[in-house]
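Numbering (UniProt numbering), first residue to last: 1 to 259.
Backbone N, C-alpha and C define an ideal beta-carbon position, used for all residues, glycine too.
All values derive from a computational prediction rather than experimental measurement.
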């Protein structure tokens, strides 16, 4: 059954959405923040090439979506081309691996890493976790999350209509596209779907006139873990350090500040 949520509930429903593009954890100059964001986007490109098997956006839909995201964040075309060229030249076999661990305040964190050496990357991660009093839980935390497809899109025609009508029509489109939930905020339509219906949902939404902004399969927490002020500060510090690791692509969690 489709569940439709009011606009002001979107942040709460997608509380566990990846913070891969969120640079609030990064301290320093705007140039440093920009560099870190572009670094993460570059790794997203490499993951898309690894999974899609092609450096051509027309032959690799996932790569096309990442390239479109890069353009929205004003990543220079030369930078994107350089990353794609390196993917073509580098014959190293890369893989996407997932680690879960318990962080500050007993929050659960799920980290995706793009690496050619899983064992070495896990060792590096273990060193960081020890410094921040976090520890691996080796898969036992994954059951606290659901893997869901999240599709964010624009629809100029629909956005020109009254808010109530927007949500009504988006709900109809979601049902016909095999999505489970839809929310609207600032003219952005966010659809939640079963990961097995992810590709189909995107295709159907595009047929309804939606322009896909981002689309990914993410780990969504079934419930959040409230952290007090000091625990949340420790969590944010750990998150920042995780994103400084070159292998880290995305991090999900169930952390929520208590106030």
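Is it the case that the Cβ atoms of residue i and residue j are separated by a distance below 8 Å?
| i | j | result |
| --- | --- | --- |
| residue 166 | residue 177 | no |
| residue 192 | residue 150 | yes |
| residue 121 | residue 231 | no |
| residue 198 | residue 217 | yes |
| residue 202 | residue 212 | yes |
| residue 107 | residue 55 | no |
| residue 46 | residue 114 | yes |
| residue 153 | residue 84 | no |
| residue 101 | residue 135 | yes |
| residue 235 | residue 52 | no |
| residue 36 | residue 243 | yes |
| residue 116 | residue 80 | no |
| residue 128 | residue 241 | yes |
Quick check on the DSSP output: the alpha helix (DSSP H) that includes residue i runs from which residue to which?
| i | result |
| --- | --- |
| residue 87 | 77-89 |
| residue 171 | 163-176 |
From the DSSP output, which residues share a beta bridge with residue i?
| i | result |
| --- | --- |
| residue 152 | 190 and 214 |
| residue 196 | Residue 196 is not bridged to any residue. |
| residue 145 | 221 |
| residue 257 | 227 |
| residue 135 | 102 |
Have a look at the options and flag the residue whose alpha-carbon is nearest the alpha-carbon of residue i.
| i | options | result |
| --- | --- | --- |
| residue 105 | 209, 224 and 182 | 224 |
| residue 138 | 132, 75 and 111 | 111 |
| residue 44 | 215, 229 and 126 | 215 |
| residue 195 | 208, 220 and 68 | 220 |
| residue 209 | 238, 174, 229 and 180 | 174 |
| residue 109 | 77, 50, 170 and 250 | 250 |
State the start and end residues of the unbroken beta strand (DSSP E) segment that holds residue i.
| i | result |
| --- | --- |
| residue 113 | 108-115 |
| residue 185 | 179-185 |
For residue i, which three-state DSSP category applies?
| i | result |
| --- | --- |
| residue 100 | strand |
| residue 68 | helix |
| residue 40 | helix |
| residue 22 | Since pLDDT at residue 22 reaches only 37, below the 50 mark, its modelled position is unreliable, and no value is offered. |
| residue 247 | coil |
| residue 122 | helix |
| residue 53 | coil |
| residue 13 | Here residue 13 scores only 41 on pLDDT, less than 50, and its place in the model should not be relied on; the value that follows carries that caveat. In the structure shown, residue 13 sits in a helix (DSSP, three-state: H, G or I). |
| residue 252 | strand |
| residue 62 | helix |
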